[in-house]
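Engineer: FYI, in our numbering the residues of the sequence shown are 1257 to 2019. Cβ atoms here follow ideal geometry from the backbone N, Cα and C, with glycine treated the same way. The structure presented is a predicted model; accordingly, all values stated were derived computationally and were not measured.
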Amino acid sequence: MSIVPSAHFVRGPILLAGLAIAVFAAARVEVAPRAVAAPAAAATQTLLEGVRQIAAPGVPGPLAVFGGKAFAVVAGQTGGDHQAAVVAAAAWKSGRVVAFGHTGYLDGKTLAIADTGRLMLNAVCWAGKTTAIHRDRLRVAVWHQSGLLAFLKQQGINAESLEAGAWPHVVSSCQVVCLDSGSLSEGQVRAVGQFVQQGGGLVAASLGWGWLQLHLGKTLLADHPGNRLLAPAGIVWLDGALQRTAVEGYAAGPPPRLCHAMAALEALGASAKGGKSLDKQDMAQALATVIDAVRGLPPDDRLLRPALERIERAYVADIVPTAKQPLTAANPLGRLALTLHIESLRRLPPEAIRAEPAAAAFPGLAPDDAPRVTRSVAVDTAVPDWHSTGLYAAPGEVITATVAAGSSAAGLWLRIGAHRDTLWHKDSWSRWPEICVRTPLTAPTTRLASPLGGMIYVEVGSGAPPGRVSLSIAHAVEAAYFVLGETELSRWRDAIRSRPAPWAELASDKVILTVPAREIRSLDDPAELMRYWDRVLDCDAELAGIPAQRRRPERYLADVQISVGYMHSGYPIMTHLDAAPLMVSKSRLTDKGQAWGLYHEMGHNHQSSDWTFEGTTEVTVNLFSLYVIEKLCGCPAAAAHPAIAPAARAKALAAYVAGGRSFETWKKEPFLALQMYMQLIEGFGWDPLKRVIAEYRKLPAAEHPKTDEEKRDQWMVRYSQTVGRNLGPFFAAWGVPTSASARASIAQLPGWMPSGLAALAPR
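1. Mind the definition here: the segment 1967 to 1980 touches the segment 1811 to 1828 only if three or more C-beta pairs lie below 8 Å; say whether that holds.
2. What are the start and end residues of the beta strand (DSSP E) that includes residue 1768?
3. Check for me: the alpha helix (DSSP H) holding residue 1568 runs from which residue to which?
4. Are the CB atoms of residue 1727 and residue 1657 within a distance shorter than 7 Å?
5. May I ask you to report which of helix, strand or coil DSSP gives residue 1883?
6. Just to confirm, are residue 1839 and residue 1769 a CB contact at a threshold of 7 Å?
7. State the Cα-Cα distance for the pair residue 1899 and residue 1776, rounded to the nearest angstrom.
8. Expressed to the nearest angstrom, what Euclidean distance is found between the alpha-carbon atoms of residue 1970 and residue 1402?
9. Per DSSP, which one or two residues make a beta bridge with residue 1353?
10. Which term fits residue 1761, buried or exposed, when burial requires 16 or more other beta carbons within 10 angstroms of its beta carbon?
11. Based on DSSP bridge pairs, tell me the residues matched to residue 2075.
12. Just the C-alpha distance for residue 1414 and residue 1306, rounded to the nearest angstrom, thanks.
13. Taking residue 1962 as the reference, which of 1810, 1406 and 1870 has the closest Cα?
14. Helix, strand or coil for residue 1435 per DSSP?
15. For the beta strand (DSSP E) containing residue 1725, list its first residue and its last residue.
16. Please report the straight-line C-alpha distance between residue 1739 and residue 1764, rounded to a whole angstrom.
17. Suppose only complete runs of 4+ residues qualify. What are the alpha helix (DSSP H) ranges in the segment 1897 to 1925, listed by chain order?
18. In three-state terms, what does DSSP make of residue 2004?
19. Return helix, strand or coil for residue 1672, following the three-state DSSP convention.
20. Using 10 angstroms around the beta-carbon of residue 1450, count the other beta-carbons present and answer buried if the total reaches 16, otherwise exposed.
21. With distances taken between CB atoms, is the gap from residue 1320 to residue 1502 smaller than 7 Å?
22. Measuring only the C-alpha atoms, how far is residue 1648 from residue 1759?
23. Hey, residue 1949 and residue 1704 are a contact pair by Cβ (cut 8 Å); roughly how many whole angstroms apart?
24. Hey, would you say residue 1437 sits closer than 7 Å to residue 1481, going by beta carbons?
25. Quick one: grab the DSSP three-state call for residue 1590.
26. Pick from 1665, 1714 and 1636: whose alpha carbon is nearest that of residue 1674?
27. Does the separation of the CB atoms of residue 1792 and residue 1875 fall below 7 Å?
28. Our contact map puts residue 1630 next to residue 1729 with C-beta atoms below 8 Å; I'd like the distance itself, whole angstroms only.
29. Determine, using beta carbons only, whether residue 1619 and residue 1300 come nearer to each other than 7 Å.
30. On the CB-based measure, 16 or more other CB atoms within 10 Å of its CB, does residue 1766 come out buried or exposed?
31. What residue range is occupied by the uninterrupted alpha helix (DSSP H) comprising residue 1813?
32. Should residue 1333 go down as buried or exposed, given a rule of 16 or more other Cβ atoms within 10 Å for buried?
33. Could you tell me the distance, in whole angstroms, from the CA atom of residue 1852 to the CA atom of residue 1741?
34. So, under 8 Å CB-CB, residue 1520 and residue 1492 are touching, yes? Tell me the CB distance rounded to an integer number of Å.
35. According to DSSP, what are the bridge partners of residue 1467?
36. What are the start and end residues of the alpha helix (DSSP H) that includes residue 1944?
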């Protein structure tokens, strides 16, 4: 079993309002592990000597630090107020290790940025138990990193390339090995581990999320060679990304003590026993650190896992979060118990998975007497991503996918669960924070089970060759599933809409809706509904300048809790459960602006950065909302949203002018900025806007705008040329800056100013 990793995991602030020591006074378990050695202050000082700032090659990922002799060296931001190591080090028996959170740190170009090279020099010398002054005495072997090899030689270090056939000889005769830990074979993992424990030095780099993307079929970072190597030293690479803390990348300086998972768990344990309390920020940091470490620990870890297992046993009652009784950050040990429980399920074989009590609340149970069926599925691999099957996996029950003889399932995955949003970063969990499972279809027969259950999909990955694949799925529960142009309405009304699974899907070749089955039990005409949704998608395509025929359908999915906002764009577009009745009601979808939010999120899926500059992400998206509502709902813009009613527009514009037409204000008020676009539409109609947007799709790569200034300039110039009017004064009246050269290029055109703005234009 594997739970889908989140390649770009972002943690938000964990709110602990009102948290008091009394909450933990009745702690149920001794949670503190053996005492954590104080961070090696002298080693940190040595490693950071002469280092103020280091580079951020690409998007580095975090490291979990949990060993008694391991410590964070440099930290990055994890999305909120939390930090995690991007560089870590450890003493491991007789040897030393320094680990970096991106393979780019082994590249010569990266080493030339800020003080990155100095940190690398310090790391190699510290791992080799010498000083920079005596670096000429070191013998360093470098595995497949020509840029690093050249850098070390330039620094006066005796460095040589480590070739495949020379491993035993070179490794045994050098003091330090430098390598990408994600590329090691099992034999090399053993050889390097023995080398370090016997006194050698290791400088290693890798990238957790990158390794997962490059190793299709792998869903657990415990399988990462570097993690198998360094977990005994108390360092592992994690999934996720780190934000910068300095202009060039990351500010150097001793990271917070609570970046160390063992120290963080000790602090949580002390607070739980009524000892030293933690303030909100420290509590949030400690909890995030331990949760991250839990998600990266190998199953055989004996450093941190024993204490966590005691927590799991003591807090077993807290692993059933619901909307009515969410698991909040005010119960950090309960959250740790659930985290470890979820992680413990990852490596269990399907036959060992049992239904979890939390499944009854979400995503739901199938009736015990519902027939378990076998159904055939045909997958066109030219259509990427998820392919619906109309089947549901009951919690704790094994489903079996069998690929037909002669078919190749290369690049295909079997998935249980549509609710892919992860909630690890949320301060309150109304369901398990991660509930989908998937596994590659690498054998003729594949078995999979989910402790929570969910809709069943065949997922077409990027490596799947084109063709059709036939397979059967056994021991599943039928779900209400309507496909426009395929499903007969009589069968839908008589039988299909009453199928027993708790979730249902309505599909066309342009959009698929996934909603609780209760929302469609009385739906008589899903064909009319889905034809309307097709028109919505066609409107978006018209405005975006793309073909109406899509490579794969867009998706909407309702959830009890989502990762961010009330709704968000993506695949699928995520909504809360209260939006599900609206999604399946044509009368409500066409009633004025009721569905503004649904159209808004689909608009995000059609935006282009070419014509969306800073401050307009939540502005140009609403062009799609306006277009759909005007074309399909017969609703004027004034009635589509209260913020753009005539009185509201006039009031906002007057306040903006009175405030001096600050572009900074314009960028912060989406509905104010939307007025500018609406005036263009009201003045020239929709066709010029569509022609301008379409122009960008035809541009050679070199002509696409690169900066915000270029985006504003091109938008003004292209629009002016399309409508045959000089819009420079119009942009100036709104306070939107453009360059003198751009304005000069359209100066020969006759000017234009809408009547509502003419009196307010600057003189």
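Structural biologist: Taking the definition as stated:
1. The segment 1967 to 1980 vs the segment 1811 to 1828: no contact.
2. Numbered from 1 along the sequence shown, position 512 holds the residue referred to as residue 1768. Counting along the chain, the unbroken beta strand (DSSP E) around residue 1768 starts and ends at 1767 to 1772.
3. Position 312 of the sequence shown, counted from the first residue, corresponds to residue 1568. Residue 1568 -> alpha helix (DSSP H) spans 1561 to 1570.
4. In the sequence shown, counting from the first residue as 1, residue 1657 sits at position 401. In the sequence shown, counting from the first residue as 1, residue 1727 sits at position 471. In this structure, residue 1727 lies closer than 7 Å to residue 1657 by Cβ.
5. As a first step, residue 1883 must be located in the sequence shown, where it is residue number 627. Looking at residue 1883 - three-state DSSP - the assignment turns out to be helix.
6. Counting from one through the sequence shown, the residue named residue 1839 turns up at place 583. Counting from one through the sequence shown, the residue named residue 1769 turns up at place 513. Going by beta carbons, residue 1839 and residue 1769 fall inside the 7 Å limit.
7. Position 643 of the sequence shown, counting from 1, holds the residue named residue 1899. Position 520 of the sequence shown, counting from 1, holds the residue named residue 1776. About 32 Å.
8. Position 714 of the sequence shown, counted from the start, is the residue given in the question as residue 1970. Position 146 of the sequence shown, counted from the start, is the residue given in the question as residue 1402. A straight-line Cα-Cα distance of about 42 Å links residue 1970 and residue 1402.
9. Indexing the sequence shown from 1 puts residue 1353 at position 97. Looking at the DSSP assignment, residue 1353 forms a beta bridge with 1346 and 1458.
10. Within the sequence shown, the letter at position 505 stands for residue 1761. Taking every protein chain shown into account, the CB of residue 1761 has 16 or more other CB atoms within 10 angstroms, so this residue is buried.
11. With the chain represented from 1257 up to 2019, any question about residue 2075 goes unanswered, as that position is not in the structure.
12. Indexing the sequence shown from 1 puts residue 1414 at position 158. Indexing the sequence shown from 1 puts residue 1306 at position 50. Those two C-alpha atoms are separated by around 22 Å.
13. Translated into positions along the sequence shown, residue 1962 becomes position 706. Comparing Cα-Cα distances from residue 1962 to each of 1810, 1406 and 1870, the minimum goes to 1870.
14. For the purposes of this step, residue 1435 is identified with residue 179 of the sequence shown, where counting begins at 1. Note: residue 1435 maps to strand in three-state DSSP.
15. Reading the sequence shown from its first residue, position 469 is the one you call residue 1725. Residue 1725: member of the beta strand (DSSP E) spanning 1724 to 1734, first to last residue.
16. Position 483 of the sequence shown, counted from the start, is the residue given in the question as residue 1739. Position 508 of the sequence shown, counted from the start, is the residue given in the question as residue 1764. Rounded to the nearest angstrom, the two C-alpha atoms are 6 Å apart.
17. Fully enclosed alpha helix (DSSP H) runs of 4 or longer: 1902 to 1914 and 1919 to 1924.
18. Position 748 of the sequence shown, counting from 1, holds the residue named residue 2004. Coil.
19. For the purposes of this step, residue 1672 is taken as residue 416 along the sequence shown, with counting starting at 1. Strand, per DSSP.
20. As a working note, residue 1450 is residue 194 in the sequence shown. Residue 1450 is exposed by the Cβ-count criterion.
21. Working through the sequence shown from its first residue, we reach residue 1320 at position 64. Working through the sequence shown from its first residue, we reach residue 1502 at position 246. No, these two residues do not count as a Cβ contact at 7 Å.
22. The residue you call residue 1648 lines up with position 392 of the sequence shown. The residue you call residue 1759 lines up with position 503 of the sequence shown. About 8 Å.
23. Taking the sequence shown and counting its residues from 1, the one referred to as residue 1949 is at position 693. Taking the sequence shown and counting its residues from 1, the one referred to as residue 1704 is at position 448. The beta-carbon distance between residue 1949 and residue 1704, rounded to whole angstroms, is 43 Å. This is too long to meet the 8 Å contact definition.
24. Counting from one through the sequence shown, the residue named residue 1437 turns up at place 181. Counting from one through the sequence shown, the residue named residue 1481 turns up at place 225. The answer is yes: Cβ separation under 7 Å.
25. The residue you call residue 1590 lines up with position 334 of the sequence shown. Three-state result, residue 1590: helix.
26. To locate residue 1674, count along the sequence shown from 1; it is residue 418. Ranking 1665, 1714 and 1636 by CA distance to the CA of residue 1674 puts 1714 first.
27. The residue given as residue 1792 occupies position 536 in the sequence shown. The residue given as residue 1875 occupies position 619 in the sequence shown. No. Outside cutoff.
28. Counting from 1 along the sequence shown, the entry for residue 1630 is found at position 374. Counting from 1 along the sequence shown, the entry for residue 1729 is found at position 473. Confirmed, Cβ separation roughly 7 Å.
29. One-based indexing of the sequence shown puts residue 1619 at position 363. One-based indexing of the sequence shown puts residue 1300 at position 44. For residue 1619 and residue 1300, no; Cβs fall outside 7 Å.
30. The residue you call residue 1766 lines up with position 510 of the sequence shown. In the assembly as shown, residue 1766 is a buried residue. Its beta-carbon has 16 or more other beta-carbons within 10 Å.
31. What you label residue 1813 is simply residue 557 of the sequence shown in a count that begins at 1. Looking at the DSSP string, residue 1813 is not in any alpha helix (DSSP H); the run it does join, the beta strand (DSSP E), is 1810 to 1815.
32. Here residue 1333 refers to the residue found at position 77 of the sequence shown. Only buried fits residue 1333, as 16 or more other CB atoms lie within 10 angstroms of its CB.
33. Here residue 1852 is taken as the residue at index 596 of the sequence shown, counted from 1. Here residue 1741 is taken as the residue at index 485 of the sequence shown, counted from 1. If I take the Cα positions, the gap works out to 27 Å.
34. On the sequence shown, position 264 is the one that residue 1520 refers to. On the sequence shown, position 236 is the one that residue 1492 refers to. Not quite, the Cβ-Cβ distance comes to about 15 Å (not below 8 Å), so this is no contact.
35. Within the sequence shown, residue 1467 is the residue found at index 211, counting from 1. Note: residue 1467 sits in no beta bridge, so no partner.
36. The residue given as residue 1944 occupies position 688 in the sequence shown. In the DSSP annotation of this structure, the continuous segment of the alpha helix (DSSP H) that includes residue 1944 starts and ends at 1942 to 1953.
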